[in-house]
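Enquirer: My questions all concern the structure below.
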Amino acid sequence: MHDPLPAHALHPDTLTIAHGYDPHEHMGAAKPPVFPSTTYMYRSAQHAKDVHRAYFDGVPLPDGMPPGYIYARLGHPNLSMVERRLAALDRAEDAAVFGSGMAAISAVALSQLRPGETLLHSRPIYGGTDGLFYSVLSGLGIRAFGFADGLDGAAIHAEAERAMQHGPIGLIHLETPANPTGSVCDIALAAGIADRIALSQGRRPLVSVDNTFLGPFLQSPLEHGADLCITSLTKYAGGHSDLLAGGVSGAAGPIDALKKLRTLLGSHPDPHVCVALLRSFETMHLRTERACANALKVADFLAKHPKVRSITFLGLADPDSPEGALMRRQFAGAGSTFAFRIHGGEAEAFRMLDRLRVLRMAVSLGGTETLICHPATTTHYIVPRDRREEVGVDDGTLRLSVGLEHPDDLIADLAQALDAV
Ligand SMILES: *Cc1c(COP(=O)(O)O)cnc(C)c1O
Numbered sequence: 002m003h004d005p006l007p008a009h010a011l012h013p014d015t016l017t018i019a020h021g022y023d024p025h026e027h028m029g030a031a032k033p034p035v036f037p038s039t040t041y042m043y044r045s046a047q048h049a050k051d052v053h054r055a056y057f058d059g060v061p062l063p064d065g066m067p068p069g070y071i072y073a074r075l076g077h078p079n080l081s082m083v084e085r086r087l088a089a090l091d092r093a094e095d096a097a098v099f100g101s102g103m104a105a106i107s108a109v110a111l112s113q114l115r116p117g118e119t120l121l122h123s124r125p126i127y128g129g130t131d132g133l134f135y136s137v138l139s140g141l142g143i144r145a146f147g148f149a150d151g152l153d154g155a156a157i158h159a160e161a162e163r164a165m166q167h168g169p170i171g172l173i174h175l176e177t178p179a180n181p182t183g184s185v186c187d188i189a190l191a192a193g194i195a196d197r198i199a200l201s202q203g204r205r206p207l208v209s210v211d212n213t214f215l216g217p218f219l220q221s222p223l224e225h226g227a228d229l230c231i232t233s234l235t236k237y238a239g240g241h242s243d244l245l246a247g248g249v250s251g252a253a254g255p256i257d258a259l260k261k262l263r264t265l266l267g268s269h270p271d272p273h274v275c276v277a278l279l280r281s282f283e284t285m286h287l288r289t290e291r292a293c294a295n296a297l298k299v300a301d302f303l304a305k306h307p308k309v310r311s312i313t314f315l316g317l318a319d320p321d322s323p324e325g326a327l328m329r330r331q332f333a334g335a336g337s338t339f340a341f342r343i344h345g346g347e348a349e350a351f352r353m354l355d356r357l358r359v360l361r362m363a364v365s366l367g368g369t370e371t372l373i374c375h376p377a378t379t380t381h382y383i384v385p386r387d388r389r390e391e392v393g394v395d396d397g398t399l400r401l402s403v404g405l406e407h408p409d410d411l412i413a414d415l416a417q418a419l420d421a422v
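No gaps in the numbering here: position 400 of the sequence shown is 401 in our numbering, and each next residue is one more.
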């Protein structure tokens, strides 16, 4: 048998299928076995000491063997497989996988920020991230500062200056495209601002990007200057609305710090979730492709519908607009989750939602099924009205995650439901 080819020699479509798992290490099993064991036996008392020294101090084992596993909260075989595959897909040195997207974002925040520091972020952001920043971190003495236009370098820099008056910036967090409006940030621009911040305050804050809306096949934040790429694997990676997980990819140093922190927080995914994720990765490129094609058809229908006031979908962005230019530079596709606004408010939106028969009304996104929700009263319920409306989430806004059904069925269902508006 030849050794497998290195990840950089292969296309992502190939990496999703088999990367990170070697059947010859597991009795030839073509597919990964599940390792439910919570604890791992030492070969001798000396081996136990060596293994702990390897884990905590990074000292290689005297016999040159890999250190193996100690206790599942510190790491387990199925977790390593999923981390290797995610790192390869994100073109990263390493990845840390968590029990949910929020566990991943919380760990990034806690690993980078200290009391008295500040956090600079794009707006809008996912409701859970907003809650973390404005109710948990604020209680720890970390103040968050948001900017609404991720393409306006002067405005981002002005917000950074404002933040630095309250304390050094410990992290720049971007969500692009943003939940739920699909507004975008220029990652390279933010990385340049991190360099300028370093000149003012001495330390360069890391730039983290929440890539949940597009995933590794449509956007590679690390290639545009981000330090950490965060993905809720619950969404497009899991892809079937039946597991919770989150991942962070980046350079070995910060990822190792996240893994050590995860050991203390206890926010790792269990072996069954990891194996389900490995399986889901195998079809992610196909699902992504079909969902994008369906979304374009649905978005096109909505954009022309008289009851629809506006739609924010990257796939329909004017190629000559700043979003269109960024789309060419930074995205390989527009994704399949977007927002649209109907003429009217909550009452009209509710009437429309209650008539749907094919689309399912639920939060979340990225599953095989098409999901629709009313962000103001669900996903963004805890975001105060003024902060929500400033970034375009009003009572007539609906978020749609287009799945893999036949697009004509989706369009027919939307057409009959929009008659109620
Ligand atoms: C869902 C989501 C998250 C949180 O992920 P969970 O797996 O639900 O914890 C974070 N960011 C974005 C953009 C999301 O859509």
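Note that the Cβ used here is the ideal one computed from N, Cα and C, for glycine as well.
(1) Rounded to whole angstroms, how far is the Cβ of Pro217 from the Cβ of Leu90, which I believe are closer than 8 Å?
(2) With respect to the alpha helix (DSSP H) encompassing His174, which residues constitute its N-terminal and C-terminal limits?
(3) What is the DSSP secondary structure of Thr40, reduced to helix, strand or coil?
(4) So what does DSSP say about Ala145, is it helix, strand or coil?
(5) Under 8 Å Cβ to Cβ from Ala55, same chain only, skipping five residues before and after it: list those, please.
(6) Going by DSSP, what residue range makes up the alpha helix (DSSP H) through His48?
(7) Would you report the Cα separation of Thr371 and Leu360, rounded to the nearest angstrom?
(8) Confirm the yes/no value for this check: CB of Met28, any heavy atom of ligand 1, distance under 7 Å.
(9) Round the Cβ separation of Ala335 and Phe314 to the nearest angstrom and send it over; I've been treating them as touching at under 8 Å.
(10) Between Gly247 and ligand 1, is the CB less than 7 Å from at least one heavy atom?
(11) Please go through the stretch 265 to 320 and give each complete alpha helix (DSSP H) segment of 4 or more residues, from N-terminal end onward.
(12) Sort Ile343, Tyr382, Arg280 and Leu266 by Cα distance to Met103 and report the nearest one.
(13) If I'm right that Ile312 touches Phe339 with Cβ under 8 Å, what's the distance once you round it to whole angstroms?
(14) When you compare the CB positions of Leu244 and Tyr22, do they come within less than 8 Å of one another, or not?
(15) At a cut-off of 7 Å, is Ser233 close to ligand 1 when judged by its beta-carbon and the heavy atoms of the ligand?
(16) Looking at Ser101 and ligand 1, is the gap between the Cβ and the nearest heavy atom below 7 Å?
(17) Would you give the residue range spanned by the beta strand (DSSP E) that His122 belongs to?
(18) On the criterion of 16 or more Cβ atoms from any shown chain inside 10 Å, does Phe341 qualify as buried, or is it exposed?
(19) When DSSP labels each residue in this structure, what does Val83 get in the three-state scheme?
(20) To the nearest angstrom, how far is it from the Cα of Val208 to the Cα of Ala318?
(21) Given a cut-off of 8 Å, decide if Val249 and Leu229 are closer than it, judged by their beta-carbon atoms.
(22) Just the Cα atoms here: how many angstroms apart are Ala227 and Pro206?
(23) State the DSSP-derived secondary structure class of Tyr237, mapped to helix, strand or coil.
(24) Given Glu406, which residues of its chain have a CB within under 8 Å of its CB, disregarding the five upstream and five downstream residues?
(25) Name the DSSP bridge partner or partners of Ile373?
(26) In angstroms, rounded to a whole number, what distance separates the CA positions of Leu223 and Ile373?
(27) Please report the distance separating the alpha-carbon of Thr284 from that of Gly168.
(28) Which term fits Arg386, buried or exposed, when burial requires 16 or more other beta carbons within 10 angstroms of its beta carbon?
(29) Would you kindly report the start and end of the unbroken alpha helix (DSSP H) that includes Ala156?
(30) Measuring straight from C-alpha to C-alpha, what distance separates Ser112 and Thr119?
(31) According to DSSP, what are the bridge partners of Val98?
(32) If we count the other Cβ atoms within 10 Å of its Cβ and call it buried at 16 or more, is Ser337 buried or exposed?
(33) Would you mind stating whether Cys186 and Ser123 have Cβ atoms separated by less than 8 Å?
(34) Is Ile106 near ligand 1, in the sense that its beta carbon is under 7 Å from a heavy atom of that ligand?
(35) From Thr398 to Met353, what distance separates their C-alpha atoms?
(36) Using only the alpha-carbon positions, how far apart do Pro1 and His3 sit?
Expert: Result, derived from the coordinates:
(1) 4 Å
(2) First-last for His174: Ile170 to Glu176, but that is the beta strand (DSSP E), not the alpha helix (DSSP H).
(3) strand
(4) strand
(5) Pro61, Leu62 and Pro68
(6) Ala46 to Asp58
(7) 5 Å
(8) no
(9) 6 Å
(10) yes
(11) 272 to 283 and 285 to 305
(12) Leu266
(13) 7 Å
(14) no
(15) yes
(16) yes
(17) Thr119 to Ser123
(18) buried
(19) helix
(20) 26 Å
(21) yes
(22) 11 Å
(23) coil
(24) Asn295, Val359, Glu370 and Thr371
(25) Met362 and Leu401
(26) 30 Å
(27) 45 Å
(28) exposed
(29) Gly154 to Met165
(30) 13 Å
(31) Gly248
(32) buried
(33) yes
(34) yes
(35) 12 Å
(36) Coverage of the chain is limited to positions 2 through 422, which leaves residue 1 absent and any answer about it impossible.
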